[in-house]
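Notes follow once the structure below has been shown.
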Amino acid sequence: MNDKLGEYDPQRIEAKWQKIWEEQGAFNADADPQRRKYYVLEMLPYPSGTLHMGHMRNYSIGDAVARFKRMRGLNVLHPIGWDSFGLPAENAAIKNGIPPRQWTNSNIQQMKAVCKRFGFSYDWRREISTCEPEYYRWNQWFFLRMLERNLAYRKRSKVNWCPQCQTVLANEQVVDGCCWRHETTAVEAKEIEQWFLRITKYSDELLDDMAELQAGWPERVLVMQKNWIGKSFGARVRFAVADLPAIAIEVFTTRIDTIYGVSAVLLSPHHPNLPELIAGMPGNNATQERLDSMRKVNLRAADLATAEKVGLFTGRFALNPFSGERVPIWVANFVLAEYGTGAVMCVPAHDQRDFEFAEKYRLPLKLVVQSLHGASLRADQMESAYTEYGRSVASGPYTGLDSAAAIEKMTADAEAKGFGKAETTYRLKDWGISRQRYWGTPIPVVYCEKCGMVPVPDNQLPVKLPENVALTGEGQSPLASAADFVNTKCLKCSAAARRETDTMDTFVDSSWYFYRYTDAHNDHAPYDSAKVEYWFPIDQYIGGIEHAILHLIYSRFFTKVMRDLGLIRHNEPVRRLFSQGMVQKGGRAMSKSHGNVVGADEMAQKYGCDTARMYTLFAAPPAKDLEWSEEGIEGCARFLNKLYRLVDHHAENLRNVNSVLSETVDLAHATSKEKLLLRKAHQTLKRVTSDFEVRWHFNSSIALLMEYYNEIHSQEPLERDARPEVVKRIIELLVLMLTPVVPHICEELWQMLGNSGGLNRVRWPESRDDLSKEDQFEIPVQINGRLRGKILVDDGLTDDEVSERANRDPRIAQLLQGKTIVKIIVVPRKLVNIVIR
RNA sequence: GCCGGAGUGGCGGAACUGGCAGACGCGUUGGACUCAAAAUCCAAUGGUGCUUAGCAUCAUGAGGGUUCGACCCCCUCCUCCGGCACCA
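With positions in the first sequence counted from 1, the corresponding number in our numbering is that position plus 579.
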């Protein structure tokens, strides 16, 4: 059994070093103005109970970077916590009768154990859990600050309502337009009073500040956010209604230049003036019925894009303010109530939707923009709308202007004549944060009959979520049935009052959590601004692309609000963002519901966490999706075994040797084997360092380190023709470079080599160009771009000397016989290309 | 429909700034060790052809272009993935 001692035993090694790290507080970091900081963060996980290799990939990337940066001498903040409010806990309670807190906390315990089993270098002192009053009281605090500044407000708004459950449904609980529990019951829209945060006040800033993010954020995330904000420039134009002087219809358009082509005015079925317009029209009952059905259709957002266009003539006419023309007013199912003014002008010749609508209802098509190039368009021959810019035709005084000029002039004229004005609209809407759910942050206001809505004062925070609430999933918001909670006294007049029973969207919790990490247990403020000042902005944020929009826009919004509150000074919370790819199995993302989860714990038990981490980094570049393969991970296990045996084999001889620092290697006296291996080491070091600093191609870094290992291995026995102090350094460099990826085994190997003290305090080695430089190059020789031979040349030869060498090569010379050399291209150290005729 | 991203061996992938396509790993095949197996070690491994120690030739989704030279740049097209989707 003695020979077993020399075997790599990940379970023993990993437990050993995790214990040492924990005892030393090796990864605790505190603000220290004397040192440069680095804040690296993985997105806050939801405690579902299972950690699979998808999570581990995310954390392995972050941990490798954190460890690398520590070795580079930076003060690294690397925290973790739990996004622990939310619907699943409530569902579990309804299903199994386990209280949400109990379910949540036991999941956190399980997941925390797995994180510890993987030895991630977190500062656990800073752990947060958003469902704890010490955290969510600050959600309430921020809410009150926003309320004071009119950034939080109430308005009536639609919710998903299941008539069977008699309850509000979250969007996730609506499946194909039906309730998740009553699959045949269509969800209805119900209007109730809800809370909103005025994110639209920051629309322009959210858009403009993306310039700051250009360098560090993925292009696609910025594009997605830009589209989400959806700024568009246009004009609002008023159409008078014939015979109804009290009403005017306003439309929003980005193409006012096409207004001479208007064939109708189209209203959303939800347009507020609609009842007055159709009142007293003949056939009112049938009209009402058709309107109702159009309104229903308009609810099913998913089908809208493909739905057939349906219209209804109101019997009324509008007057085109530019031409004075009388055009019919229609209701159209494709006009959105929530965007612009809820009404549009219908220009069939120059808008595809209007084109289709006009075709169906036989509205006239009037060509008012002519193409600048190609054959001129004819109204009676158009098969689709012409939506490009061009030159105005048949447009009264604007005829002949190009589209951009026409837009400018017509907008100005509309403004001068008082029937229109330039307007910018946004797709972004205010953030509805009310949830008629239990497991979330209570919104800290009460309602008094006399005083109305009264905010809870700061000194009464937190408004604690009651824990003894029966969760049935039916009836109103669960909190509404908790009498002890609901019934309270008015904070102004002490009369009987009701508490707000809505809770906050959990995206509120995750919008500012990374600030809390800087000062996780502060009980008199959300954080100390000085600490934030030191650690912010986050240098590197890592997470899934699914958060490209909501979480990342909401947190940008929160940062701007906090800045306007005077708490912080920066505009943007995250300097660099990285979106890692998903881990898949069988072509689908790992998830409990797909039943294709590869458990992290299971992998750690089977292979050890170093192997599991290494594989997640090696199998694909981090930005790409990764298909889990059991054979692949075996390869990494094999490599770590070989590595262990290499060090074990040399440890006894090298333990008491002082390794030569590469800075002091005397090349003049180095043997050729020493030179060869040092050269390989420093070439590897140079590229691995840059992979960690900028490229983030960890898969390539690992491949390079395997190559370096292979080179060492192929030079065995090392002790022949190489001095022990150099051999030791050569092996140490391999161990040091692998540390960010496989920290436990490296600590062990470092110790086996006779070094004392943890690796987390050892500096990343500096690469030396004089050591990595080759003194000979094998250069391919091409003839007309085709590889025809190779020559070995010394470094430092001139281009002419190199090309002459190439010409002298027997094989090349033979091929050149009788040919005319047109020119010779020499790329130093790379290649020679001889162009012949 | 619009906006992104991606297409390279049997597989995951590499190729840094336009310079030897296929590094590294997996798999497969052959060999060594073994009574045997596992593990380990060694070797081979894109296709085709040939006068087969080698050499030629084709090959990075398809077609074209620029260049001495293209996986890389440009144009056209195809496929897949993701986001938004009647946003006026």
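Heads up, the beta-carbon is just placed ideally off N, CA and C, and yes, glycines get one too.
- Comparing C-alpha distances from Ala1061 to each of Ser1279, Gln688, Pro679, Arg1078 shows the shortest one belongs to Arg1078.
- Straight across, the Cα-Cα distance linking Ala671 with Asn1175 is about 21 angstroms.
- As computed with DSSP, Gly1187 is found in no beta bridge at all.
- Non-local beta-carbon contacts of Gln1361 in its own chain, meaning distances under 8 angstroms to residues more than five positions away in sequence, involve Arg1367, Leu1410, Val1411, Asn1412, Ile1413 in chain order.
- A residue is called buried when at least 16 other Cβ atoms come within 10 angstroms of its Cβ; Phe812 does not meet this threshold and is exposed.
- Uninterrupted beta strand (DSSP E) stretches at least 3 residues long and entirely within the region 1302 to 1331 do not occur.
- DSSP places Lys1221 inside the alpha helix (DSSP H), whose first and last residues are 1209 to 1233.
- Between Glu1326 and Leu1338, the CB-CB gap stays under 7 angstroms.
- Fewer than three beta-carbon pairs drawn from the region 667 to 685 and the region 1152 to 1170 are found closer than 8 angstroms, and the two stretches are therefore not classed as touching.
- Counting along the chain, Tyr617 sits inside no alpha helix (DSSP H); it lies in the beta strand (DSSP E) bounded by residues 616 to 621.
- Closest by C-alpha distance to Lys1164, out of Glu868, Gln597, His631, Thr1085, is His631.
- Here Asp1348 is exposed. Its C-beta has fewer than 16 other C-beta atoms within 10 Å.
- Counting along the chain, no beta strand (DSSP E) covers Asp1143; the unbroken alpha helix (DSSP H) around it starts and ends at 1129 to 1143.
- By the CB criterion at 7 angstroms, Asp1084 and Phe775 fall outside the cutoff.
- Assignment of Gln613 by DSSP, reduced to helix, strand and coil, places it in the coil class.
- The beta carbons of Val1033 and Leu1058 sit no closer together than 7 angstroms.
- Looking at Tyr701, Gly676, Gly890, Arg905, the one whose alpha-carbon comes closest to that of Val655 is Tyr701.
- Per the Cβ contact rule, the region 617 to 624 is in contact with the region 632 to 641 (3 or more Cβ pairs under 8 angstroms).
- In this structure, the straight-line span from the alpha carbon of Gly862 to that of Arg869 is close to 11 angstroms.
- Assigned with DSSP and collapsed to three states, Asp933 falls in helix.
- Under the 10 Å beta carbon count, Thr1051 is surrounded by fewer than 16 other beta carbons and is classified as exposed.
- When only Cα atoms are considered, Leu1256 and Ala1282 end up about 17 angstroms apart.
- When DSSP states are grouped into helix, strand and coil, Arg817 belongs to the strand group.
- In this structure, DSSP gives Ser627 a state outside helix and strand, which the three-state scheme calls coil.
- Non-local C-beta neighbours of Asp933 in its own chain, meaning closer than 6 angstroms and more than five positions away in sequence, comprise Cys925, Val926, Pro927, ordered along the chain.
- Around the Cβ of Met860, a 10 Å sphere holds fewer than 16 other Cβ atoms; the residue is exposed.
- If only complete runs of 4 or more residues are kept, the region 953 to 1033 shows the alpha helix (DSSP H) at 982 to 996, in order along the chain.
- A distance below 7 angstroms separates the beta carbons of Ser708 and Trp661.
- Relative to the Cα of Leu898, the nearest Cα in the group Arg1224, Leu1394, Pro824, Tyr968 belongs to Pro824.
- Segment contact: the region 1230 to 1245 against the region 1286 to 1306, three or more CB-CB distances shorter than 8 angstroms; contact assigned.
- Residue pairing by DSSP places Asp1373 opposite Gln1355 in a beta bridge.
- Collapsing the DSSP output to three states places Pro1116 in coil.
- Pairing Thr893 with Leu856 gives a Cβ-Cβ distance under 7 angstroms.
- Under DSSP, Asn654 forms a beta bridge with Lys616.
- In the same chain as Gln689, and ignoring 5 residues on each side of it, the C-beta atoms closer than 7 angstroms to its own belong to Gly628, in chain order.
- Cβ neighbours of Lys1259 within its own chain (closer than 6 angstroms, five residues either side excluded): Tyr1287, Glu1290.
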